[in-house]
Structure formats: C-alpha cells, structure tokens
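Participant: Sharing a structure with you now.
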Amino acid sequence: MNLPDKAALLDITRGSIATLALFLACITLPLVGFIPGIFAPLPAIFYGIKRDRKTGIAIVLLATALLAFFPDPSALLLYLAQSGLISLALPYFLGKGWGAGRAITFSVGAVSALLLLAALLFWLVQGSDPNAAIQKGISASISQTSALYEKSGIKGDELQTLQQGMKEAGALIARIYPALTIVGLAFIAGLNLLALRRLSARLGRMPETGNFRRFRNPDHLIWLPIAAGFALLINDSSVATVSLNILVVTLSLYFLQGLAIVVRVIFYVLLTMQPYLAIAVATFGIFDLWGNFRTPKKQENL
3 MNLPDKAALL
13 DITRGSIATL
23 ALFLACITLP
33 LVGFIPGIFA
43 PLPAIFYGIK
53 RDRKTGIAIV
63 LLATALLAFF
73 PDPSALLLYL
83 AQSGLISLAL
93 PYFLGKGWGA
103 GRAITFSVGA
113 VSALLLLAAL
123 LFWLVQGSDP
133 NAAIQKGISA
143 SISQTSALYE
153 KSGIKGDELQ
163 TLQQGMKEAG
173 ALIARIYPAL
183 TIVGLAFIAG
193 LNLLALRRLS
203 ARLGRMPETG
213 NFRRFRNPDH
223 LIWLPIAAGF
233 ALLINDSSVA
243 TVSLNILVVT
253 LSLYFLQGLA
263 IVVRVIFYVL
273 LTMQPYLAIA
283 VATFGIFDLW
293 GNFRTPKKQE
303 NL
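Heads up, the sequence shown is in the working numbering, so the first residue is 3 and it goes up one at a time.
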C-alpha cells in the first residue's frame, strides 16, 4: 500500500480544514451561514480532481472523523447528506468524461439512493418511521419560527396571518420534502461545479462540462409533468403526494432549460427582484420542446 507523500498530506489537511470551516459556518451562523455551507463539498471535489480520487476520499473521511466529536451528532449526518456524499460522487462521474448535466444527474441519483437506503436501515434498526421523524422535525421548525415572530413583537391579525401561512407552508413541505431534497442536492452540485470551473486554472486539468446554454432535457421527459398534473385530479392523498414531488423535480429541470435560453446577467438580476419570473422561465423550458428557441439546433446536454 502506497502512503500519501508530503504534498498529498498537505492537500488533505488543507482540504479538510476548508471543508470543516465552510460546513461549521453553515450550522453556526444564522441566516447567512447557508451560503458557505453550499460550498462545503468544493475542497474535496477540487483536490479529488487536481490530484486523485483517493485524496478527495481522504478529505471526506477526515472531515467525517472530526465531526464525530462534535457535540451534536446530527451535524455529522447533515454533513454526509448535504456535502460528503456529493463530494465523492461528482468527481467520480465527471472522471468518466460525462458532461455536467449527466454527471450531476447521476451524482444526485446515487446520493438520493444512499439516503433512502440509510432511512430504511434506520427504520429496521431503530424500529421507528424515519418519515414520521422528518415530519415531526418540520413541524417543530415551523413552531420555533412562529415563536420567534411572536417574540419579535408581531401581534394581532398580522401574527395570526403569519402563523397560518407558516402552517400551510409546513404542511406543503412535509409532503414534498423528498423532491426538495433532490432539487437541493442538484443545486449544491451545480453551484460547486460552477465554482470549480472558476478554479480551472489552478486545477491543471478540468473535466469537460459542456456549455450550459445548450442544456436541453430529453424530449420524452415532458410526459412526466403532464401525467403528474392529471394524477393530481385523482382523489387519493398518496397519489397526490407522489405527483407533487414529480412536478417539483421536473419543473425544476425545465426551469434550468428556461435559464439556458435566456441566460443573461441582467436576467439574473431581474429574477432575484421578481421571483414570479421563475414561472415564466420554467414555461420557456417546457415550450422549448416544440419551439427550439435557440440556435444552432444541435441538441446537446451540459
């Protein structure tokens, strides 16, 4: 067995420190902490591509071992679910020479499958329903947020309206959290890949990721949101929940396709100022199936 040389050990140390710093900022800094937390996978991805896959794995393992000593055991689970597994999956699929779209899709699929397997094992070992635990956690989070609004001085009808809105939002999140997890993982993977491209000069070798402006979903994917939309008409709560999750995931994909059509800096600014434009962007993505708004008409993924 070949032991890492001094340079590799230095990269592992740097990567682990950077990973922990970004992730700990995520769980300790209120409101703004999620921004550095998004890029917690980046150090392992960067060194895993710059040097070799073993270096990336070592960074994740070292960060995992150190987080095992953290007072809150949920921090370790959050790191693995949100950052650690993506740190390993994305460089692996990029290393196959796939485009960014395909690499992100398979990375998110692999991580989601592992999370589902972990939930099933938790159910078998602990004898408790992980879905019920998640539902309880969502409810507790909504209650805490409601209490914070009340302590901030909001009273009367305004407080009641906020509490009712949060209650309805919590009920919706409790139904679509699987889809939100998948979309969130894809969002994290995509932003880390974008950051990696910005660091390509320091990598020495950057995997081919393609051109985002040519991103296009498979034509037959359109049948999924259509079928899910009609399935919502069925008077069955289980069918409706599955349909809602399918709609969230597929419309997110068409939102990306819409962005690929209208990608401009000024549009990103407008999008942040007016979130309802997201609906228009997703619509562009769907109708691009027939209109093919971009030229040339060569169909390529990322």
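Ideal placement from N, C-alpha and C gives every residue a C-beta, glycine not left out.
Out of curiosity, what's the CA-to-CA distance linking VAL267 and PHE214?
Facilitator: Here residue 267 refers to the residue found at position 265 when the sequence shown is read from its first residue. Here residue 214 refers to the residue found at position 212 when the sequence shown is read from its first residue. Below a pLDDT of 50, predicted positions are generally treated as unreliable, and VAL267, at 48, falls in that range; the measurement from the model is reported next regardless. The alpha-carbon atoms of VAL267 and PHE214 are separated by roughly 14 Å.
Participant: If we ignore side chains and look at the alpha-carbon of each, how far apart do GLY99 and PRO209 end up?
Facilitator: As a first step, residue 99 must be located in the sequence shown, where it is residue number 97. As a first step, residue 209 must be located in the sequence shown, where it is residue number 207. Going from the Cα of GLY99 to the Cα of PRO209 covers about 7 Å.
Participant: Less than 8 Å between the CB atoms is what I'm expecting for THR211 and GLY101, so what's the real figure, rounded?
Facilitator: Numbered from its first residue, the sequence shown carries residue 211 at position 209. Numbered from its first residue, the sequence shown carries residue 101 at position 99. Their Cβ separation, rounded to whole angstroms, is 6 Å, which keeps THR211 and GLY101 in contact under 8 Å.
Participant: Does the distance from the C-beta atom of PRO43 to that of SER85 stay below 8 Å?
Facilitator: Translated into the one-based positions of the sequence shown, residue 43 becomes position 41. Translated into the one-based positions of the sequence shown, residue 85 becomes position 83. Contact: yes.
Participant: Rounding to the nearest angstrom, what Cα-Cα distance links PHE71 and LEU63 in this structure?
Facilitator: Here residue 71 refers to the residue found at position 69 when the sequence shown is read from its first residue. Here residue 63 refers to the residue found at position 61 when the sequence shown is read from its first residue. Roughly 13 Å separates the two Cα atoms.
Participant: Quick one, are the C-beta atoms of ILE144 and GLY172 less than 8 Å apart?
Facilitator: Stepping through the sequence shown from its first residue, residue 144 is reached at position 142. Stepping through the sequence shown from its first residue, residue 172 is reached at position 170. Their beta carbons are under 8 Å apart, which means ILE144 touches GLY172 by this criterion.
Participant: Please classify LYS52: is it buried, with 16 or more other beta-carbons within 10 angstroms of its beta-carbon, or exposed?
Facilitator: Position 50 of the sequence shown, counted from the start, is the residue given in the question as residue 52. Per the 10 Å Cβ criterion, buried.
Participant: Return the Cβ separation of ALA65 and ILE14 in integer angstroms, given the expectation that the two are a contact with Cβ distance under 8 Å.
Facilitator: Translated into the one-based positions of the sequence shown, residue 65 becomes position 63. Translated into the one-based positions of the sequence shown, residue 14 becomes position 12. Between ILE14 and ALA65 the Cβ distance is about 10 Å, and since that is not below 8 Å, they are no contact.
Participant: Tell me the residue span of the alpha helix (DSSP H) that contains PRO43.
Facilitator: As a working note, residue 43 is residue 41 in the sequence shown. No alpha helix (DSSP H) holds PRO43; DSSP gives it neither H nor E.
Participant: What are the complete alpha helix (DSSP H) segments, minimum 4 residues, inside the region 124-206?
Facilitator: Entirely contained in the region 124-206, the alpha helix (DSSP H) runs reaching 4 residues are, in chain order, 132-153, 158-200 and 202-205.
Participant: Could you pull the start and end residues of the alpha helix (DSSP H) that PHE25 belongs to?
Facilitator: Here residue 25 is taken as the residue at index 23 of the sequence shown, counted from 1. Note, PHE25: alpha helix (DSSP H), 8-30.
Participant: Can the beta-carbon of TYR309 be found closer than 8 Å to that of ILE236?
Facilitator: Here the chain comprises residues numbered 3 to 304, so residue 309 is not present and cannot be evaluated.
Participant: From ALA46 to PRO93, what does the alpha carbon distance come to, in whole angstroms?
Facilitator: Taking the sequence shown and counting its residues from 1, the one referred to as residue 46 is at position 44. Taking the sequence shown and counting its residues from 1, the one referred to as residue 93 is at position 91. The straight-line gap from Cα to Cα measures roughly 9 Å.
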